[in-house]
Amino acid sequence: MTSMSCKLLIILVMQVFFCHSHAAFFKMTKMECKNIDKTLLRLNVCRLKAVKRDVTEATIRVHLQRPVDNCDLHVELLRKYTTYQPFFINKTFDACEFLKTRKNAVYFDILFKLLANYTNANHTCPYDGEFIVERFRPFHNNLMLPLPTGDYLIKFVFYTSNAMIFQLLVWFGFKELDDWESRRKFEWFPQTLHTP
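Set out below in structure tokens:
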């Protein structure tokens, strides 16, 4: 077991035994798609839509101009302090190998399980034609992530043959809910109490 896998396992065990958080609130606040290699792919849609006050949906449609049989993915999670600083995840792995075996990428496995019902990227390489993420809306009760409350940026950078082809940036807010908060409707911006 690698040292990073050991660290993740320790954090997950601590989350289960020592934290009183039973639910989480997750809201995507901004999304950017950057098409780097226009000869390989065409970006048709990159949209983040507000459905309700506390719910957003992400839609991405990318058309591949030719088949892709090798793809590396770099995933980096940044947390906002005064600026966005690297936090917890900074890893590059073979996406094609991951889709074959579902091993050696624990963080991406968590994200992939959240995305699985919203995408057509559920098979191994080669990829050809249109790659779709349609109306991705993570449900709060599925988000048992080992993250503290805060604002985050997650970067996905796709490479093929060691050349960058596509970059996806997603900003989101994450809040751990205590047991009493998960029973009532959560408000992202709490109202101040006015006393007479």
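Quick note on numbering: the sequence shown equals residues 41 to 236 in this note's numbering. Note that beta-carbon positions come from the ideal geometry of N, C-alpha and C, so glycine has one too.
Item to complete: Provide the residue span of the alpha helix (DSSP H) that contains K153, from first to last.
Response: Annotation: the continuous alpha helix (DSSP H) that includes K153 extends over 146–155.
Discussion item. Could you compute how far the alpha carbon of H114 sits from the alpha carbon of K140?
Written reply: Across the structure, H114 and K140 are spaced so that their CA atoms are roughly 18 angstroms apart.
Worksheet item: In whole angstroms, what separates the C-alpha of C136 from that of N84?
Response: Between the C-alpha atoms of C136 and N84 there is a straight-line separation of about 23 angstroms.
Practice prompt. Determine the extent of the beta strand (DSSP E) in which C86 is found, giving its start and end residues.
Written response: Where C86 is concerned, the enclosing beta strand (DSSP E) stretches over 81–92.
Worksheet item: Is the beta carbon of H114 within less than 7 angstroms of some heavy atom of the ligand MN?
Response: This structure does not include the ligand MN; it has no bound ligands of any sort.
Worksheet item: So what does C73 bridge to, in DSSP terms?
Response: For C73, which the question treats as bridged, DSSP gives the partners L208.
Worksheet item: Is the beta carbon of F171 sitting closer than 8 angstroms to the one on K74?
Response: In this structure, K74 does not lie closer than 8 angstroms to F171 by Cβ.
Worksheet item: Going by DSSP, what residues sit across from R101 in a beta bridge?
Response: Residue pairing by DSSP places R101 opposite V85, I172 in a beta bridge.
Practice prompt. Output the boundary residues of the alpha helix (DSSP H) element that contains T141.
Written response: First-last of the alpha helix (DSSP H) with T141: 135–141.
Fill in: Alpha-carbon to alpha-carbon, Q105 and T200
It is roughly 14 angstroms from the alpha-carbon of T200 to the alpha-carbon of Q105.
Discussion item. Here's the rule I'm using: 16 or more other beta-carbon atoms within 10 Å means buried, otherwise exposed. How should A145 be labelled?
Written reply: A145 is buried by the Cβ-count criterion.
Worksheet item: Is K70 near L88, with beta carbons less than 8 angstroms apart?
Response: Closer than 8 angstroms, so yes.
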